[in-house]
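Please read the structure below before turning to the comments.
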Amino acid sequence: MSVNKAILVGNVGKDPEIRHLEGGTSVARFTLATSETYKNKAGEMVTNTEWHNIVAWRQLADVAEKFIKKGKQIYVEGKITNRQYDDKDGNKRYITEIVADNIRLLGRKDDNEGSRENGTQRYASEAPAHSVADEVIQPAESDDLPF
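Per our numbering, residue 13 is the first one in the sequence shown, and the count goes up by one each step.
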């Protein structure tokens, strides 16, 4: 068994770049910054920021186009992929990307137009699988209580 899953919460570094491929498939690319703060050996607080390349396809690309803007805080779930390409000078370049399969808009309600009451809105690339947690649990009748 193997697992390839990335979960990130961070701030969008630039507005998504949207492309529409032949056949109507949409793809969005943007960067996401995650930061951690720690004390170094000298006792000073240091912040380290990592930049992640995010790729969203189809419906998630459409969501990115409408709602994701530079500076917004978002949650991204996806898989880590590596690919290579030749740059304009013919040099091989390698890039690591997170291919999103779930995106949640975070932050204040007024930061995310159309977001829900709790300040988050979830978008997934396909419908989530049905789980027991999704079922409505009916309260027990008072006569059925063991005390």
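For every residue, glycine included, the Cβ atom is placed at its ideal position computed from N, Cα and C.
On a predicted model such as this, the values are computed, not experimentally measured, just so you know.
- Message: If we require 3 or more residues per run, which beta strand (DSSP E) segments fall completely within the region 72-122?
- Response: If you keep only unbroken beta strand (DSSP E) runs of at least 3 residues inside the region 72-122, you get 85-98 and 104-117.
- Query: Quick one: any contact between the region 95-113 and the region 62-79, if contact means 3 or more CB pairs under 8 Å?
  - Reply: Touching, yes, given that three or more Cβ pairs across the two stretches are closer than 8 Å.
- Query: Between residue 90 and residue 23, which are expected to be in contact by the criterion C-beta below 8 Å, what is the C-beta distance as a whole number of angstroms?
  - Reply: With a Cβ gap of about 17 Å, residue 90 and residue 23 do not count as contacting.
- Query: Exposed or buried, which one is residue 44 when buried takes at least 16 other CB atoms within 10 Å?
  - Reply: Burial call: buried.
- Same chain, Cβ closer than 7 Å to residue 74, five either side skipped, listed in chain order: Hits under 7 Å: 38.
- Item | Sequence-distant residues of the same chain with beta carbon closer than 6 Å to residue 18, five excluded per side | Excluding residues up to 5 positions away in sequence, 90, 92 and 110 lie with their Cβ nearer than 6 Å to the Cβ of residue 18 in the same chain.
- Close beta carbons around residue 147, own chain, < 6 Å, minus the five adjacent residues each side: At residue 147 the pLDDT is 34, less than 50, meaning the model places this residue with poor confidence; the figure from the coordinates comes in the next sentence. The beta carbon of residue 147 sits closer than 6 Å to no other beta carbon from its chain once the five residues preceding and following it are set aside.
- Boundaries (first-last residue) of the beta strand (DSSP E) holding residue 62: Residues 57-69.
- Message: Give me, in chain order, the residues of the same chain whose beta-carbon lies closer than 6 Å to that of residue 12; leave out the 5 immediate sequence neighbours on both sides.
- Response: Lying before the first or after the last residue shown, residue 12 is absent from the chain, which here runs from 13 to 159.
- Task: Assuming residue 28 contacts residue 86 (C-beta within less than 8 Å), just tell me the rounded distance between them.
- Result: Not quite, the Cβ-Cβ distance comes to about 11 Å (not below 8 Å), so this is no contact.
- Message: Suppose you measure from the CA of residue 59 to the CA of residue 14; what does that come to, to the nearest Å?
- Response: Roughly 32 Å between the two C-alpha positions.
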